[in-house]
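To start, the structure itself, in structure tokens.
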Amino acid sequence: MDARTLRVLEYPALLNVLAGHAASSLGRELALAMKPFTERRDVTKALAETAECRALLDLPSGLPMGGVHDIRTFIERAAVSGALDPKDLLTVAATLSAAKRLRGILMNKADQAPLMADLGSQMGDYSALVSKIERSITPDGLVADGASENLARIRNSMRRQVRHIQDVLQQLVSSSRVRDMLTDPVITVRNGRYCLPVKPESKNAFGGLIHDSSASGQTLFMEPQAVVEAGNELRELESRERDEVDRILRAFSEIIAKEQRTIRATVTALAHLDLVIAKARMANTLHAESPTLLPAASLDLMEARHPLLVWQALEAQRNAPRNSDVPAMEDAVVPIDLWLGKDFNTMIITGPNTGGKTVTLKTAALFVLMAQSGMPVPARKASIGIFRNVYADIGDEQSLQQSLSTFSGHIRNIVAVLKGAGKDSLVVLDELGAGTDPAEGAALAKAILLSLAERGALTIATTHYAELKEFAWNNAGFHNASVEFNVETLKPTYRLRIGVPGASNALVIAGRLGIPPAVIDTARANLGTDRLALEDAIGRLEEAERKARWAAVEAEKEAARLEAQRRDAEKELSEAKDKRRAATEAAYDEATELLREAREQTNVILKALRDAQLDGKATEEARKTLQELDERVRAKRPKQKRKPTHRISSDESPIEGDSVWIPGIGATGQLVDIQKDQATVQAGTLRMVVPYSTLQKVEEEMVEKPKPKPQLGNIGLETAVNVSTEIHLRGERVDEALQSLERYLDDARVAGLHTIRIVHGKGTGALRDLVHRYLKEQRDVKGFRLGQDGEGGHGVTIAELA
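Residues 1427 to 2228 in the working numbering are what the sequence shown lists, from first letter to last.
Pasting the structure below:
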């Protein structure tokens, strides 16, 4: 598909809208460079990817693209032995970390989104590299002390040396001898050396090296002789520190260079994922539907809207002030129904200017381009075949530089169309044959349309020539269509009517605008009998169609009203059933809970009585209390609930060790002990005493084995092993970061962590404030503070858990 056709159809403008939905420069770059596919397998895959992605975006986790950056330049620099700076390494780590996160989400959805899972499998797992970078580089972009043992030793020596120098200088500042030589009793740094501000006249008495002076010359910044040697040692340590930092950065760069091929593949997969997400998001914005692919090149569109007009209408709504009269998208963009390639292959659209003919052409062609680019289309329903080529001649192609007239410009474009168009081609031609003598233009238009039809191309053409309306009536494979015009309001309705040619309405409009009736009558006489008969027939057809459409609208409204009544009735019935079911379940739950609490309390009393060896009268009273509670509970328990599901043996009395059915609580248990008419039964974790005569033996093979309960101790141990003492939130949006923090705190509680480190970076401070507000709301957070030097500074929060 040539670039001129794509430009004429405004496909690049559509790609700009698509690029605006991308999350990274990687996706935007792919979006702007995208071209429609022409192979069915490619189109099918692209549409399926977008459909899967839309489903994933609806999940609570979504597809968070935070942290994804274009790191290709960093990879290339590392590949040519160039050392990356700390901030570059953080960007690489953030991107690779995002890739791991997205890989996990996509791979976990392999059953419902196999294509997206396959895309996730193309992203590598660089957890070790990312972890090492994040340990070695602070959020501020500095190499941390812990990046290597040698760097830690060097910096410890530097800190000791600085403290020594500062102690010596502080002693000098405090001494009365030196204080009078200074312009100000402060310690300062000039050119990396620790100095004191000395009066010019005291420099010889002060002694030492001059490193700078004030602008006025009234102060000399001198390094006292007592710390010159220590300053030299500090300079040597600083040089060793730079060398070690450079070595660390080069080591990281070498790792990236070694993994460059797989990292590039990961970046490519991230870019493609961003593009697919952009398609899915744009489809949601435009209220678009995925088209059905037809076996042959054809079109069948229902309520199709031009995508750029939809976008403009939505933008106008978003940017409009409150209470403005900006129309809704549904009202601002009139939908059209259009089909081509079944009963006819050529459609000729007639009607007034500004009535929507050109928009119809572009809508049909753009829908083909969108579908073959893997983009859903803004229509209620769309079925589209695969077209090898799309050709368009729309607008005035006149070129002053090439001395081409409007007619010549159109003909040059049509020459190119006739050379390339054939089967599986869609051709859209605006104002075919215009710009020259009407008779010759109409004749040429007929010949062009016949030639395209013979080549097997599907063609939509607009025209003002009445001869082409008759031509479409009289030739198989051709069909008339028109854009509607309201002669009462003198405005177009923008509706497309297939099968009905457009009346010119020129004389009617002229009369309504004030042309005298006598002039109109003369004009009618000049038209000729045949032309008048055609216009009258078209007028009657339009009136009949309007009446039929009105009747259809009324019928549809009545059907919708009846359907709404049916839904309301079903809803009321469903709600009544739900209320009855909820009431029954609530009564049962209340009775069961009452019984459980009563039995627990009574068993405690019985045990206390037995332990105290009290007389049988008190014990008997407690048992009587339990029986009364049983009767109360049975009276409240709904009879249809908890019927025995086990086979009861009526022939045998249960003995110790048998499984028994306990009618009082509607459950099975094991008979532990029998004392006269009292039996001790173990039901799960509950041990109770019940009347022996109420128990029934249950056949062993029918007893349902209780499901094993999870071993919480093991779960806690496993979590403790796997949960890190820190979480990184840099690069995530606020909502994503809050979800991550919530999940991490839950894991940390289960794991029994007491101190955690939350890395949020500095940035604008919004993420840090969110973290602090959230921590204040957690009861088990004893306190928190910002990190100190060596802990990450204000880019890190340290929290203590109870």
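Here a beta-carbon is modelled for each residue, glycine too, at the ideal position from N, C-alpha and C. Here the structure is a predicted model, which means the values were calculated and not measured.
What does the alpha-carbon distance come out to for the pair residue i and residue j?
i	j	result
T1517	T2190	18 Å
G2157	A2163	9 Å
R1586	D1514	31 Å
Q2096	S2079	13 Å
L1608	K1684	57 Å
V2129	M2114	Because V2129 carries a pLDDT of 45, less than 50, the predicted location of this residue cannot be relied on, and no value is offered for it.
R1838	S1809	32 Å
V1854	L1787	6 Å
G1508	S1679	7 Å
F1500	G1493	15 Å
A1677	T1694	25 Å
A1474	L1485	17 Å
M2229	A1543	The structure shown does not extend to residue 2229, since the chain is modelled only from 1427 to 2228, so the question has no answer here.
K1705	C1479	9 Å
T1784	T1888	8 Å
A1449	L1441	15 Å
D1593	E1655	15 Å
G1777	V1909	5 Å
A1985	V1469	38 Å
N1658	H2220	32 Å
S1724	F1793	12 Å
What did DSSP end up calling residue i once you bin it into helix, strand or coil?
i	result
A1448	coil
E1753	According to the sequence provided, residue 1753 is Pro. The question's Glu does not apply to it. Reduced to three states, the DSSP call for P1753 is coil.
Y1920	strand
L1568	coil
H2154	strand
D2173	helix
R1673	helix
G2095	strand
L1858	coil
A1867	Note that residue 1867 is Gly in the sequence shown, not Ala. Correct three-state label for G1867: helix.
I1946	helix
A2163	helix
A2109	strand
D1763	strand
L1696	helix
Q2241	There is no way to answer for residue 2241, as the model of the chain reaches only from 1427 to 2228.
R2183	strand
So who's on the other strand from residue i, going by DSSP bridges?
i	result
Y1620	V1615
N1906	I1774
G2229	Since the first residue shown for the chain is 1427 and the last is 2228, residue 2229 is missing from the structure and cannot be characterised.
G2216	Bridge partners of G2216: none, in fact.
T1476	T1476 is not bridged to any residue.
L1719	I1810
N1379	The structure shown does not extend to residue 1379, since the chain spans only 1427 to 2228, so no value can be given for it.
S1679	Answer is none; S1679 lacks a bridge partner.
W2087	T2094, Q2122
V1506	Answer is none; V1506 lacks a bridge partner.
M2114	V2107
M1648	L1622, I1636
T1786	T1786 is not bridged to any residue.
A1887	I1774, L1855
Less than 8 Å between the CB atoms is what I'm expecting for residue i and residue j, so what's the real figure, rounded?
i	j	result
V1816	L1852	5 Å
M1504	I1682	First, the residue type needs correcting, since residue 1504 is Ala and not Met in the sequence shown. Rounded, the Cβ-Cβ distance is 4 Å, consistent with contact.
L1701	A1439	Incorrect: roughly 18 Å between the Cβ atoms, too far for contact.
A1868	L1844	So it is not a contact: roughly 18 Å between Cβ atoms.
L2193	H2186	5 Å
A1697	L1456	5 Å
K1526	D1551	5 Å
Take residue i and list the residues in its own chain whose beta-carbon comes closer than 8 Å to its own, dropping the five residues that flank it on each side.
i	result
H1905	D1769, F1770, T1772, M1773, I1774, A1898, I1924, G1925
Q1743	V1752, A1754, M1755
G1643	P1626
T1614	Y1620, C1621, L1622, P1623, F1647
E2217	R2183, I2224
Looking only at its chain, what residues have a beta carbon closer than 6 Å to the beta carbon of residue i, apart from the 5 residues adjacent to it on each side?
i	result
D1610	P1623
S1628	M1607
A1524	G1493, V1494
Output needed for residue i: all residues of its chain with C-beta closer than 7 Å, excluding positions within five of it in sequence on either side, in chain order.
i	result
L2278	Outside the displayed span of the chain (1427 to 2228) sits residue 2278, for which this structure offers no information.
L2201	V2207, F2210, A2225
D1819	H1836, N1839, I1840, V1843, L1855, D1856
G1882	G1848, K1849
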